[in-house]
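One rule links them: number in the numbering used here = place in the sequence shown (from 1) + 63. Working notes for the structure below.
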Amino acid sequence: MKKFCVIVTIFAFMAVASCATLEEHKGAAAGGAIGAGLGGLIGAAVAPGGHGLEGAIIGGIAGAILGGVVGHYGFDTKKTQAETNKTYAYNDSNVNVRIENVSVQPKKVKAGEKVDLNMTYAVLTTSEGIARVREIREIWIGDNQFGNPETTVERKGGTYQSNIPIFLPKDAKKGTYKVSYVVQTDYSKDTREESFTVY
């Protein structure tokens, strides 16, 4: 998964709305967060070169991490629309989404280090149009929400792998964190869960 570095500025109290165009195959990044005093990363990157545009991140990355930072969103296209529809024997023009796999890397991490929240999902449709897809990653420790980075992207039919890196605060509480992954459109929704441990 390719990512592109940009110069960023961290503000303590600022919300940002951005729109970054994404390259069709290898993921460009769009970093953005609503800091609200919890720590936010602001910035955007557009993949250089590329042939044809798939869509855009709508509004950047919203949400916040308690005392930490949200990094740059990245994605890869894993399968074409035709390949994805064949895998699921799907022949409907309505848009459905299916999460295929989620992971947190690494599974065990020290406070102050980075974890990658990965998700692979299918956008199922026979339409050639663009679907607006919302990706949500809610992070919990016990009954307390630690963070909720989310973004809305425009997708053609196909299978996609996306990643949002999270930089934990140096004083992050030790224990097991649960990550609830959600992908949804206007007409469908799918969820999965994963976990990681801070030690």
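Glycine is no exception: its CB is placed at the ideal position from the N, C-alpha and C atoms. On a predicted model such as this, the values are computed, not experimentally measured, just so you know.
Query: Is residue 185 close to chain D? Criterion is C-beta to C-beta, closer than 8 Å.; Result: Annotation note: the requested chain D is absent from the structure, which comprises a single protein chain.
Query: For the region 164-222, which segments carrying the beta strand (DSSP E) assignment without a break, of at least 3 residues, lie completely within its bounds, in sequence order?; Result: 177-187, 194-204, 207-210, 213-218
Query: With H, G and I counted as helix, E and B as strand and the rest as coil, what does DSSP make of residue 104?; Result: Per-residue confidence for residue 104 stands at a pLDDT of 35, beneath the threshold of 50, marking its modelled position as unreliable; no derived number is given.
Query: To which residues of the same chain is residue 212 closer than 6 Å at the C-beta, ignoring the five residues directly before and after it?; Result: 124, 126, 133, 200, 227
Query: Counting beta carbon pairs with one atom in the region 174-188 and one in the region 244-259, are three or more of them shorter than 8 Å?; Result: yes
Query: Locate the beta strand (DSSP E) running through residue 254, then write down its first and last residues.; Result: 252-261
Query: Are the beta-carbon atoms belonging to residue 241 and residue 261 less than 8 Å from one another?; Result: no
Query: Between the Cα of residue 136 and those of 142, 154, 149, 121, spot the shortest distance and give me the residue it belongs to.; Result: 121
Query: Going by DSSP in three states, residue 78 sits in which element: helix, strand or coil?; Result: The predicted position of residue 78 is uncertain, since its pLDDT is 34 and thus under 50; no value can be drawn from it.
Query: Report all residues from its chain with a CB closer than 7 Å to the CB of residue 157; omit the five preceding and five following residues, and keep chain order.; Result: 188, 250
Query: Residue 235 to residue 141, Cα distance in whole Å?; Result: 34 Å
Query: Among the residues of its own chain, which have a CB less than 8 Å from the CB of residue 172, if the five just before and after it don't count?; Result: 178, 231, 259, 260, 261, 262
Query: So what's residue 148 in DSSP terms, helix, strand or just coil?; Result: helix
Query: Can you tell me where the beta strand (DSSP E) with residue 158 in it begins and where it stops?; Result: Taken as a continuous stretch (DSSP letters only), residue 158 belongs to no beta strand (DSSP E), as it is neither H nor E.
Query: Give every residue of the same chain whose Cβ lies closer than 7 Å to the Cβ of residue 144, excluding the five residues on either side of it in the sequence, and list them in chain order.; Result: 219, 220, 221
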